[in-house]
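What follows is a single structure, written as structure tokens, with notes after it.
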Amino acid sequence: MTTTPSDASKANENKGASPPDAAAAPAGATEERIRDILRQVVDPEVGVNIVDLGLVYRVETAPERVGIEMTMTSPACPMGEMILDDVHAALGAALPENCAIDVRLVWEPPWNPAMMAERTRLHFGWEADADANDADAGDPA
637 MTTTPSDASK ANENKGASPP DAAAAPAGAT EERIRDILRQ VVDPEVGVNI
687 VDLGLVYRVE TAPERVGIEM TMTSPACPMG EMILDDVHAA LGAALPENCA
737 IDVRLVWEPP WNPAMMAERT RLHFGWEADA DANDADAGDP A
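If you want it as structure tokens, here you go:
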């Protein structure tokens, strides 16, 4: 299961981005491995990792470089700086020293609960298929 929102994928395809060459990635750093590393980073306000929360939109790997596009649950997220620091720390600890880490904070598409992994939505008491309730997805109350 992927947590990358289809809107973000379409936007990135429109930019002409090509898929990463996993064979040339640093130390076997595939998208799956990078997402596994990022699962160590937890949003302290909700106690859920940033991948299952749906904050990681895109992962790119290239020789000696890993690129991440991610967001926060809100532009006013008080823990945003700490989460970004934790992302850099987790990747820095797991990847070779010569690997550049580029983390971009993006706001499009805006995060909403439909971007969470199904088990995470269920954990918070939202319906498993949050897409069916898009009108309500931004406000769980």
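With my numbering applied, the sequence shown corresponds to residues 637 to 777, in that order. Don't be surprised by glycine CBs; every beta carbon is placed ideally from N, CA and C.
Pairwise C-beta distances place the stretch 677 to 685 out of contact with the stretch 695 to 702, as fewer than three of them are shorter than 8 Å. DSSP, reduced to helix, strand and coil, places R675 outside both helices and strands of the structure shown, so it counts as coil.
Annotation note: the stretch 669 to 754 contains the following uninterrupted beta strand (DSSP E) runs of length 3 or greater, listed N- to C-terminal: 692 to 698, 701 to 706 and 736 to 741. Between the C-alpha atoms of R757 and R701 there is a straight-line separation of about 32 Å. Remark: three or more beta-carbon pairs, one from each stretch, lie closer than 8 Å, so the stretch 703 to 711 and the stretch 731 to 742 are flagged as touching. Note on geometry: alpha-carbon atoms of N748 and R755 lie some 15 Å from one another.
For the pair A726 and E763, the Cα-to-Cα distance works out to about 31 Å.
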